[in-house]
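What follows is a short report on a single structure.
In full-length UniProt numbering, the protein residues as written are 1 to 288.
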């Protein structure tokens, strides 16, 4: 059977999320996580469905992609299919051919699991490696230390404080209470938590969202931020430790996060929170 490309309807998103949960494994190359789709869900179910791409053979899902913005396709592949030549050629062709509903013309990028055959095919087609990213991992076998700040799980009464911290941390206005509500209504959020850290004065100083893929599987942090007015006081480390503890409570085997290698402050914060820096990874981009 030939490999087919499709975009799910909103009901089909649940299948994609379920498959992504099954594919999460400790020791596997860093890959698209159900939490990545969960974070995108802040734009609503319809927008999320429109951003997801699914590749199948004989109705079996082999790869799932997320258009994370107009110019980046984040794709992951079933472990047994990393070296599947037919799939790799289909992915490379779909990514390289403008106008087929995957990527637009011009400078675009593809994130794929390190070592997957599709990376080599993109390189052969003239794609180049982009700036490196640093994955980081914390094992959750042992209990997590106290973060040193008061931590609250975000429910309806804390949504405004949580979104306010995010907007301050990232300098972006887009994460509103309404978008938090859309995210929390999404399928992936059933295995997620938002946390707020408070300092001794009672101010909300940092926030994080953590996403579990189920017991015994890696969870992911996406996003984490410290309020602009409260930086340089160790709050990033505190909320990172709290995130690890929350994922452990959700049954995760490890906590994962990744950030541009150029963001040395973020890398240092995660390392201070007990995360080990793993070998760098690269997206592939097509020059415009």
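Glycine is no exception: its CB is placed at the ideal position from the N, C-alpha and C atoms.
{"Asked": "Which residues does DSSP pair with residue 224 in a beta bridge?", "Found": "208"}
{"Asked": "Per the DSSP calculation, residue 104 is bridged to which residue(s)?", "Found": "According to DSSP, residue 104 bridges with nothing at all."}
{"Asked": "Is the segment 226–241 touching the segment 166–173, taking contact as three or more C-beta pairs under 8 Å?", "Found": "yes"}
{"Asked": "Starting from residue 4, follow its DSSP beta bridges and name the residues at the other end.", "Found": "56"}
{"Asked": "Residues in its own chain within less than 6 Å of residue 184 by CB, not counting five upstream and five downstream?", "Found": "none"}
{"Asked": "DSSP state of residue 231, grouped into three classes?", "Found": "coil"}
{"Asked": "Given this structure, state the Cα-to-Cα distance separating residue 70 from residue 260, to the nearest angstrom.", "Found": "19 Å"}
{"Asked": "Nearest to residue 128 by CA position, among 196, 215 and 119, is which residue?", "Found": "119"}
{"Asked": "Once the 5 residues before and after residue 121 are set aside, which same chain residues still bring their CB inside 7 Å of it?", "Found": "88, 89 and 92"}
{"Asked": "Going by the DSSP bridge assignment, what does residue 132 pair with across the sheet?", "Found": "282"}
{"Asked": "Have a look at 157, 210 and 196 and flag the residue whose alpha-carbon is nearest the alpha-carbon of residue 204.", "Found": "196"}
{"Asked": "With H, G and I counted as helix, E and B as strand and the rest as coil, what does DSSP make of residue 149?", "Found": "coil"}
{"Asked": "What are the start and end residues of each continuous alpha helix (DSSP H) run of 4 or more residues lying completely inside the segment 69–106, in chain order?", "Found": "85–96"}
{"Asked": "By DSSP, does residue 253 sit in helix, in strand, or in coil?", "Found": "coil"}
{"Asked": "Grouping DSSP H, G and I as helix and E and B as strand, with all else coil, what is residue 10?", "Found": "coil"}
{"Asked": "First and last residue of the alpha helix (DSSP H) that includes residue 117?", "Found": "117–124"}
{"Asked": "On the premise that residue 236 lies in contact with residue 269, defined as a C-beta separation below 8 Å, what is that separation, rounded to the nearest angstrom?", "Found": "4 Å"}
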